[in-house]
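The next block holds one structure in the form of structure tokens; read it before the comments.
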Ligand SMILES: *Cc1c(COP(=O)(O)O)cnc(C)c1O
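Numbering (our numbering), first residue to last: 223 to 444.
As structure tokens, then:
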């Protein structure tokens, strides 16, 4: 019951935000389970949520294994160290949101090629240009996007991801989302499908700015 109510209230908020958005996007919800146990994932899954995201390869691996009987779509949303790439590939995530440099894309691609496999990824953009955040600089994003498309044949590059500016200043958060959306629109002709932005504290604003994937943790689990 707890999860059912949580999920319904979040879905209602998403619906309302869509109504207030000029972008008529279908918003995909990824539940971020990084702070909860697999039992809690199961609770939310039973309430109707089927896409989950983890930010560490180890926790993704553990939850995948424990919940392998369910048809969950797993997303990887965290920093990826080169020495964890093979482990992540083996888990076959639906989408890696956090490809944050050409070099990382190249490394993932190299390992996929050996295995004759492909994976879907998003290019992470450091839209607010914060030292603490990963991602490519917004002014270089389109060029790097094209470079990955041209040199990483085993990656399905499907769009962009960003974390909203870390501040209480709503205008600054909005600006970081608008920057991400602008880049998304520039790579639309290159086959982009996803603009992943918005977390528990700012997802309504992200939807207003054109997000079509939101990643929510605390608002669903606390
Ligand atoms: C933790 C995390 C989220 C979810 O954060 P909440 O504020 O709990 O909704 C979304 N995206 C990324 C990349 C995260 O690390």
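Backbone N, C-alpha and C define an ideal beta-carbon position, used for all residues, glycine too.
Predicted, not measured: the structure shown is a model, and the values here were computed from it.
CA nearest to the CA of residue i, picked from the options
i           : options            : result
residue 315 : 286, 349, 326      : 286
residue 356 : 321, 329, 404      : 321
residue 267 : 340, 351, 430, 289 : 289
residue 346 : 282, 226, 259, 323 : 323
residue 371 : 238, 340, 234      : 340
residue 277 : 296, 291, 262      : 296
residue 389 : 360, 354, 362      : 354
residue 236 : 226, 250, 227      : 250
residue 405 : 431, 261, 424, 308 : 431
residue 284 : 265, 259, 300, 269 : 259
residue 408 : 360, 420, 336, 424 : 360
residue 421 : 241, 307, 299, 366 : 299
residue 403 : 234, 240, 310, 245 : 245
Anticipated Cβ contact below 8 angstroms, residue i with residue j, distance rounded
i           : j           : result
residue 274 : residue 255 : 5 angstroms
residue 317 : residue 344 : 7 angstroms
residue 435 : residue 252 : 6 angstroms
residue 427 : residue 395 : 6 angstroms
residue 378 : residue 342 : 4 angstroms
residue 418 : residue 319 : 5 angstroms
residue 313 : residue 282 : 6 angstroms
residue 449 : residue 272 : Here the chain comprises residues numbered 223 to 444, so residue 449 is not present and cannot be evaluated.
residue 443 : residue 247 : Residue 443 to residue 247, Cβ: 25 angstroms. No contact.
residue 328 : residue 373 : 7 angstroms
Sheet register partners of residue i (DSSP bridge)
i           : result
residue 341 : 377
residue 276 : 298
residue 416 : 381
residue 252 : 437
residue 317 : 297
Buried/exposed call for residue i, threshold 16 Cβ in 10 Å
i           : result
residue 224 : exposed
residue 305 : exposed
residue 392 : exposed
residue 411 : exposed
residue 302 : buried
residue 338 : exposed
residue 380 : buried
residue 433 : buried
residue 229 : buried
residue 362 : exposed
residue 382 : buried
residue 326 : buried
residue 270 : exposed
Item to check | Sequence ranges, alpha helix (DSSP H) only - wholly within the segment 347-393, length at least 4 | outcome: 363-373
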